[in-house]
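K.L.:
Have a look at the structure that comes next, please.
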Amino acid sequence: MTHAPAAARVLLASALSVTALLTTASCMAGERDVPRALPAGVPEEPPASPSAAASPSAAASPAARPSPGAQTLNEEQLRAALLTEADLGEPWVAGRGTATWRDGMLKARTENADCHRLLDSLYTEELFGPPSGPSATATLDDASTDSQLRYQLAAHPPADVDRVLSWMDTLPEKCERFEATAAGAGGLLVEVAELPLPEAGDARAGLRLTMTGEASGGAPSRLTVTVAAVRVGEETITLTNGGLGTVLPEVTQAMTQLGADRLTEIGRQERLRV
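Numbering of the sequence shown is given in my numbering, commencing with residue 274 and proceeding in unit increments.
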């Protein structure tokens, strides 16, 4: 009897976990009458009108706009809204420390100001700058591939968030393909593309970044990082999922939907309580 290679078993386990995630996100989207999270390579339905297509990622969802009396959540409420390994299922576990690829490849420099700002924001984990209010963070590791997912909830001024989301929408064109230098990997070829996201929260933007170079010893190395940023009322979700192995965009898409729905529900409960 022959046995499937370890890599194949890992991909199968990941695919099964993602299928469950997408089913959950799809059900939630159906209840809210919004688009589902789509697997990579599946085209989204065309926009209803040319004006709606002007900025699909950062566009606000009219039905999801916060009420005039919206308030920021406290730290305890944000912690309750965090995603955990239970939401992802196996092979995801609680974070076991900082991923080695952060300093090895993500800590890089380039001459293009916008592209350098993107790299720096991902490395420092402050896409929107320091929070203006409470924040909470969870780090999860894929035990089979050493991918790492970081999920942060924080309060930021909505106008500032929307400006960053609009800037992110320009990066697939401004930083589509550029060169960078990292101390641990030397010269790197970096490519940036849009990551389609479900229509979660009030405004959103997603990117997929790949960095190709050589690790120590001359072996080829390829880092993939997906990043999703979503504004939900007065709070902001920042989700990065990266690694040197297989990084499934479906995980980022499904977790974006699930996280936004959970944060929205906790905010709704707080308004009812008040």
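All residues carry an ideal CB built from backbone N, CA and C; glycine is no exception.
For clarity, every value in this text was computed on a predicted model and none was experimentally measured.
1. Nearest-angstrom Cα distance between residue 536 and residue 409?
2. Based on Cα-Cα distance, which residue from 345, 363, 513, 411 lies nearest to residue 480?
3. Identify the continuous beta strand (DSSP E) that holds residue 423 and give its terminal residues.
4. Just to confirm, is the Cβ distance from residue 477 to residue 498 under 8 Å?
5. With DSSP as the reference, label residue 369 as helix, strand or coil.
6. So, under 8 Å CB-CB, residue 396 and residue 423 are touching, yes? Tell me the CB distance rounded to an integer number of Å.
7. Between the beta-carbon of residue 455 and the beta-carbon of residue 377, is there less than 8 Å?
8. Let me see if you follow: with CB-CB separation under 8 Å, is residue 534 close to chain D or not?
9. Using the Cα positions of residue 508 and residue 361, report the straight-line distance between them to the nearest angstrom.
10. Would you mind reading off the limits of the beta strand (DSSP E) that contains residue 414?
11. Measuring alpha carbon to alpha carbon, tell me which residue in 346, 356, 541 is nearest residue 531.
12. Compare the Cα-Cα distances from residue 411 to each of 501, 425, 445 and report the closest residue.
13. Determine the direct distance from the alpha carbon of residue 533 to that of residue 434, and round the result to whole angstroms.
14. Looking at C-alpha atoms only, which residue of 372, 380, 352 is the closest neighbour of residue 459?
15. Return yes when the Cβ of residue 400 is within less than 8 Å of the Cβ of residue 437, no when it is not.
16. Just how far apart, CA to CA, sit residue 391 and residue 442?
17. Over what stretch of residues does the beta strand (DSSP E) that includes residue 493 continue unbroken?
18. Reducing DSSP to helix, strand and coil, say where residue 529 ends up.
19. May I ask you to report which of helix, strand or coil DSSP gives residue 357?
20. Beta strand (DSSP E) containing residue 484: first to last residue?
21. In terms of residue numbering, what span does the alpha helix (DSSP H) encompassing residue 390 cover?
22. Helix, strand or coil: how does DSSP classify residue 452 here?
23. With residue 416 and residue 364 assumed to form a contact (beta carbons below 8 Å), what rounded beta-carbon distance in angstroms separates them?
24. Taking DSSP as the reference, what is the three-state secondary structure of residue 311?
25. Sorted by chain position, which residues of the same chain lie with C-beta nearer than 6 Å to residue 388's C-beta, five sequence neighbours on each side aside?
26. Could you give the distance in angstroms between the alpha-carbon of residue 347 and the alpha-carbon of residue 407?
P.N.:
Taking the coordinates as given:
1. 12 Å
2. 513
3. 421-428
4. no
5. coil
6. Actually they are not in contact, since the Cβ atoms of residue 396 and residue 423 sit about 12 Å apart, beyond 8 Å.
7. yes
8. Absent here is chain D; the protein component of the structure consists of one chain.
9. 22 Å
10. 408-415
11. 356
12. 425
13. 15 Å
14. 380
15. yes
16. 12 Å
17. 493-505
18. helix
19. coil
20. 476-487
21. 386-397
22. strand
23. 4 Å
24. Annotation note: pLDDT 36 at residue 311 (below 50); position unreliable, coordinate value reported separately. Reduced to three states, the DSSP call for residue 311 is coil.
25. 448, 451
26. 6 Å
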